[in-house]
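Residue numbers (full-length UniProt numbering), protein chains in the order written: chain G, 1 to 134; chain U, 1 to 331. The structure appears right after this line, and notes come after that.
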């Protein structure tokens, strides 16, 4: 298994870099074209949130394997202001007007989402998408 | 998914072969099945791309890249579709909740129109939205007195309905129909002032009718003035009062006045939804109500209420903008 790839997110250009790395990784793991686009979109949304709400942070992309199932994991790590109500930012009617821009969308694009957030300390979001052959 | 891909490819290649309308029709029906199976827009494009690739093995790369681009941009489109579906489901939940709340409100505020022998009473109360911000409370213990309260909560919908249940319980605790109207308003005012939000007010007109003397005593708290028709002089009088809306000042005082109801007289109590002619300033709404009442005074009180409602509805092109309540007491 390859090493995790890390992209520091400081400017908008870094979003593009993270997307590119994510797309390449997804392709190598064996995701089809639609899933590659979804994974890339999720990475883009996570990176954009870092810029918007924490101003700086990083995106970690890695291949994962569990019970013989391959997948891709993306972590977004920042030391920003954190979020008070994690369950709220995952609701559709909340995201459009306030902090959780795009998180409901990210949730739909992947199979698993874990959010750890502490007010004043930062947020870590980890998402996983499994490679399922149909 | 594999099944769908195969069928799509078949329909597509049929169409490319002969450009028949029937294949287009089949294609449209097929997409309905795809929607039912939650196939997203970007997946549709991917299916299309793959099918084309399989039908033509000499497709230029530029065309395929074009499809990749389309798949990419359609991901967000697909997300919007899913968001829309989830909001629709939420809306349905809210609708069901509202329906239950409406049923509860209707049960809570249910009140039968009393039918005493010496006076005829009619009532109509139609909410603008599902829940009513107007409320009519009757009390008649088959004794000497009968009383009617017509209430309007400033505001509409759920907040107004919640506030209304409190007004109802306030009225219920007064228990007897013989209380003085001014006293009723003072008691209710204190209760409401204590328990509701500062932005909420209630207007109320309280009428007590003495069945043995035919004296009607009334008091009003910031409510739309009632109309009194004197059959003898064939003219209308406004029952005006300077009483403050309920819920503003805890120590507000209310006065009450008497009038003798003679045969041929009637009193119309209403909420401001009846006289509110927004965007139609050329109409004098109270004049219209007087004319309607006068022309229909041979009808029963209930029929008069219904005529006023249906005629005003017509004048508003069936788009009333507020809860609508009329009560008529007719001698």
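We put the beta carbon where it would ideally sit given N, CA and C, even for glycine.
Within-8 Å CB hit, residue i to chain G
| i | result |
| --- | --- |
| residue 31(U) | no |
| residue 75(U) | yes |
| residue 46(U) | yes |
Contact set between residue i and chain G, taken where Cβ atoms lie within less than 7 Å
| i | result |
| --- | --- |
| residue 68(U) | 33 |
| residue 62(U) | What residue 62(U) touches in chain G: nothing, since even the nearest Cβ is about 16 Å away. |
Cα-Cα separation, residue i to residue j
| i | j | result |
| --- | --- | --- |
| residue 168(G) | residue 72(U) | In the structure as shown, chain G starts at 1 and stops at 134, and residue 168(G) therefore has no counterpart that could be examined. |
| residue 83(G) | residue 54(G) | 11 Å |
| residue 96(G) | residue 166(U) | Since pLDDT at residue 96(G) reaches only 49, below the 50 mark, its modelled position is unreliable, and the value read off the structure follows with that caveat. Taking the straight line from one Cα to the other gives about 36 Å. |
| residue 229(U) | residue 265(U) | 5 Å |
| residue 129(U) | residue 157(U) | 6 Å |
| residue 318(U) | residue 259(U) | 36 Å |
| residue 20(G) | residue 78(G) | 20 Å |
| residue 90(U) | residue 45(G) | 24 Å |
| residue 68(U) | residue 38(U) | 21 Å |
| residue 135(G) | residue 61(U) | Because chain G here runs from 1 to 134, residue 135(G) falls outside it and cannot be looked at. |
| residue 268(U) | residue 160(U) | 23 Å |
| residue 115(G) | residue 127(G) | 9 Å |
| residue 222(U) | residue 185(U) | 11 Å |
| residue 271(U) | residue 91(G) | 40 Å |
| residue 34(G) | residue 131(U) | 47 Å |
| residue 97(U) | residue 107(U) | 15 Å |
| residue 148(U) | residue 85(G) | 49 Å |
| residue 26(U) | residue 200(U) | 58 Å |
| residue 292(U) | residue 236(U) | 12 Å |
| residue 32(G) | residue 47(U) | 11 Å |
| residue 263(U) | residue 140(U) | 21 Å |
CA nearest to the CA of residue i, picked from the options
| i | options | result |
| --- | --- | --- |
| residue 180(U) | 272(U), 193(U), 220(U) | 220(U) |
| residue 240(U) | 205(U), 273(U), 274(U), 210(U) | 205(U) |
| residue 171(U) | 207(U), 143(U), 197(U) | 207(U) |
| residue 323(U) | 4(U), 152(U), 66(U), 23(U) | 152(U) |
| residue 74(G) | 18(G), 32(G), 12(G) | 18(G) |
| residue 59(G) | 103(G), 68(G), 66(G), 47(G) | 47(G) |
| residue 224(U) | 289(U), 115(U), 331(U), 107(U) | 289(U) |
| residue 252(U) | 272(U), 44(U), 194(U) | 194(U) |
| residue 34(U) | 7(U), 14(U), 111(U), 66(U) | 7(U) |
| residue 43(G) | 69(G), 33(G), 9(G), 80(G) | 9(G) |
| residue 334(U) | 197(U), 140(U), 2(U) | Any property of residue 334(U) remains undetermined from this structure, which presents chain U solely from 1 to 331. |
| residue 243(U) | 203(U), 275(U), 263(U) | 203(U) |
| residue 129(G) | 123(G), 110(G), 106(G), 50(G) | 110(G) |
| residue 55(U) | 5(U), 26(U), 65(U) | 5(U) |
| residue 122(G) | 112(G), 106(G), 80(G) | 80(G) |
| residue 150(U) | 136(U), 163(U), 285(U), 140(U) | 136(U) |
Same chain, Cβ closer than 6 Å to residue i, five either side skipped, listed in chain order
| i | result |
| --- | --- |
| residue 26(G) | 36, 39, 72 |
| residue 249(U) | none |
| residue 191(U) | 170 |
| residue 187(U) | none |
| residue 124(G) | 77, 116 |
Chain-ordered chain U contacts of residue i [CB-CB under 7 Å]
| i | result |
| --- | --- |
| residue 105(G) | 79 |
| residue 37(G) | 42, 71, 72, 75 |
| residue 108(G) | 79, 82 |
Cβ shell of residue i (< 8 Å), same chain only, five flanking positions each side left out
| i | result |
| --- | --- |
| residue 257(U) | 217, 218, 219, 239, 241 |
| residue 113(U) | 121, 122, 123, 138, 302 |
| residue 144(U) | 178, 210, 211, 212 |
| residue 273(U) | 128, 134, 152, 320, 321, 322, 323, 324, 325 |
| residue 10(U) | none |
| residue 299(U) | 307 |
Residues of its chain near residue i, where Cβ-Cβ distance is below 7 Å and the 5 sequence neighbours each way are ignored
| i | result |
| --- | --- |
| residue 2(G) | 63 |
| residue 41(U) | 74, 77, 78, 81 |
| residue 7(G) | 14, 17, 18, 21, 58, 59 |
Contact test: residue i Cβ vs the ligand ZN heavy atom, cutoff 7 Å
| i | result |
| --- | --- |
| residue 187(U) | Only the bare structure without any ligand can be found here, which leaves the ligand ZN out of the picture. |
Short CB-CB distance (under 8 Å) between residue i and chain U
| i | result |
| --- | --- |
| residue 41(G) | yes |
| residue 14(G) | no |
| residue 52(G) | no |
| residue 100(G) | Here the model assigns residue 100(G) a pLDDT of 43, short of 50, so the residue's position is not dependable, and the following value carries that caveat. Residue 100(G) does not count as touching chain U. |
Beta carbon proximity, residue i to chain B, threshold 8 Å
| i | result |
| --- | --- |
| residue 44(G) | The structure shown has no chain B; the protein chains it does contain are G and U. |
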